[in-house]
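*Asks:* Its first residue numbered 3, the sequence shown is counted upward by one per residue in the numbering used here.
Ideal placement from N, C-alpha and C gives every residue a C-beta, glycine not left out.
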Amino acid sequence: MQIGRLIHETLSEISGDLDRSLRDLRPLELDWRPCDEANSIGFILWHQIRVEDAWVNEFARGRSPVFTTDSWDVKWNIPGHHTGFGYTRENIDAFVTPPLSSLKQYGQSVRKETITYLDGLGCEDFDLQPETDHPWRQGYTVRRMFGHILCELSQHVGHIRYLRGLQRGLDR
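(1) By how many angstroms is the C-alpha of Asp127 removed from the C-alpha of Ala40?
(2) Check this for me: beta carbons of Ala56 and Met147, under 8 Å apart or not?
(3) Tell me whether the segment 27-38 and the segment 93-103 touch, counting them as touching only if at least three CB pairs, one residue from each stretch, are closer than 8 Å.
(4) Where does Gln157 sit, in a helix, a strand or coil, going by DSSP?
(5) Could you tell me the alpha carbon to alpha carbon distance between His150 and Gly64, rounded to whole angstroms?
(6) Quick check: Gly6 and Leu168, are their CB atoms within less than 8 Å of each other?
(7) Helix, strand or coil: how does DSSP classify Thr85 here?
(8) Helix, strand or coil for Arg91 per DSSP?
(9) With C-beta atoms as the reference, is Asn1 less than 8 Å away from Pro67?
(10) Check Pro137 in the structure and name its three-state DSSP category.
(11) Smallest Cα separation from Gly32: which of Ser17, Asp21 and Phe45?
(12) Assign Trp48 to buried or exposed, taking buried as 16 or more other Cβ atoms, counted over all protein chains shown, within 10 Å of its Cβ.
(13) Measuring alpha carbon to alpha carbon, tell me which residue in Gln4, Glu154 and Tyr119 is nearest Phe87.
Spelled out as structure tokens, the structure:
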């Protein structure tokens, strides 16, 4: 099996799990936090989409993220360079969750860009090391980037499912 196909299949499975986890959630459930130090489902969803956008579009492709090119930063009043990484409690307290339909639209646009990029890669392209001045991305290959994205997305879907379970109970 080619690595690209494996990544496609894994992204598809993660998307299906995410869709089931978001089904029928109300705005109050998207904003709910079990304590002041925790993130909400809405924040986690925005963050995971934004991170995929940053890795694929900014790091790997060297272009502007969908977040700014489609003006989601302006629509949601979130600085264009923010990903949610390193947010403090004060940042989380101030975060205004965008409507779920808009988050899904942003996510679909990012995933389309990810798949377009992925489909254009040959086997040898996964060994490329994009240039970066970001200290935490030094030495990352395209392969390692995709591995990181898959791990992060999986973890965040688990966070979302857990928060939904705390609010609604098992599988509700």
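*Replies:* So, to answer that:
(1) 38 Å
(2) No, the Cβ-Cβ distance between Ala56 and Met147 is not below 8 Å.
(3) yes
(4) helix
(5) 18 Å
(6) no
(7) Residue state, collapsed to three classes: coil.
(8) helix
(9) This structure gives no information on residue 1, because the portion of the chain shown stretches from 3 to 174.
(10) coil
(11) First, the residue type needs correcting, since residue 32 is Leu and not Gly in the sequence shown. Considering only alpha carbons, the answer is Phe45.
(12) buried
(13) Glu154
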